[in-house]
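Please read the structure below before turning to the comments.
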Amino acid sequence: GAVVSQHPSWVICKSGTSVKIECRSLDFQATTMFWYRQFPKQSLMLMATSNEGSKATYEQGVEKDKFLINHASLTLSTLTVTSAHPEDSSFYICSARRQGLSYNSPLHFGNGTRLTVT
Amino acid sequence: GEDVEQSLFLSVREGDSSVINCTYTDSSSTYLYWYKQEPGAGLQLLTYIFSNMDMKQDQRLTVLLNKKDKHLSLRIADTQTGDSAIYFCAERNDYKLSFGAGTTVTVRA
Chain F
1358 GAVVSQHPSW VICKSGTSVK IECRSLDFQA TTMFWYRQFP KQSLMLMATS NEGSKATYEQ
1418 GVEKDKFLIN HASLTLSTLT VTSAHPEDSS FYICSARRQG LSYNSPLHFG NGTRLTVT
Chain A
56 GEDVEQSLFL SVREGDSSVI NCTYTDSSST YLYWYKQEPG AGLQLLTYIF SNMDMKQDQR
116 LTVLLNKKDK HLSLRIADTQ TGDSAIYFCA ERNDYKLSFG AGTTVTVRA
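Sequences listed follow chains F and A, in order.
Just so we're aligned, residue 1358 is where the first sequence starts under the working numbering, counting upward by one.
Just so we're aligned, residue 56 is where the second sequence starts under the working numbering, counting upward by one.
Structure follows, in structure tokens:
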């Protein structure tokens, strides 16, 4: 159990367009989902924390108007990269915490989305 | 994650044991985690340890925690080619996880 699915797994878009990435918890409900960004050969950097039914909490330095997060249901969070630029090219990974578990409980990660902006 | 440090590379012969080390800075961390990332994929939780434990064993995996030195290690016994991946340690800081830069483990025949 505890499967997190991301879609798409990779996407190429032109500079100036917007891209939406979906993160779904397939077999559990997730009140909290997290969005990370990973640069090549580097660690994961938390971008924002997404809580179902409320506004996302963004980490310092992350532009909330550029990276729009919506967590409209207990099984789906979306990240939209607006007006994408080549420097937004990265690997984006989401994770989810099962509803009802403490904040210390392990997170389950999706397989990531490779975004390339040309 | 500047708060969590790991060596970047480890090469090990198939069948030998691998030991991946990690140091962290937040003494209030309650849980520490090991994740595995295969090429182009997300993170897979391998194991985790609560801060009041010294050791946890799960099949081929052994986690050792030295809370005094803020040192965490992951030992993989009988390392297989399928163990080649990047291994991240992570500590719980309040509501979020802080990750190390990852250790790339290469298993050679």
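Built from N, CA and C at the ideal position, the CB exists for glycine as well.
For the C-beta of ILE1450/F, the chain A residues within less than 8 Å are, from N- to C-terminus, GLY97 and LEU98. Judged by DSSP in its simplified three-state form, THR1475/F adopts coil rather than helix or strand. Secondary structure of GLU146/A (DSSP, three-state): strand. If one requires a minimum length of 3 residues, the beta strand (DSSP E) runs lying completely within the region 64-123 of chain A are 64-68, 73-79, 86-92, 98-105, 110-113 and 116-121, in chain order.
Your pair ASP71/A and THR117/A does not check out as a contact, with CB atoms roughly 14 Å apart and the cut at 8 Å.
For LEU1383/F, the closest alpha carbon among the candidates LEU1472/F, ARG1454/F, LEU1458/F and SER1459/F is that of ARG1454/F. Contact of TYR88/A with chain F by beta-carbon distance below 7 Å involves PRO1463. Interface residue (Cβ-Cβ distance to chain A less than 8 Å): SER1400/F is classified as such. Residue pairing for LYS151/A: DSSP places it in a beta bridge opposite ASN148/A.
Your pair PHE1385/F and CYS1451/F does not check out as a contact, with CB atoms roughly 14 Å apart and the cut at 8 Å.
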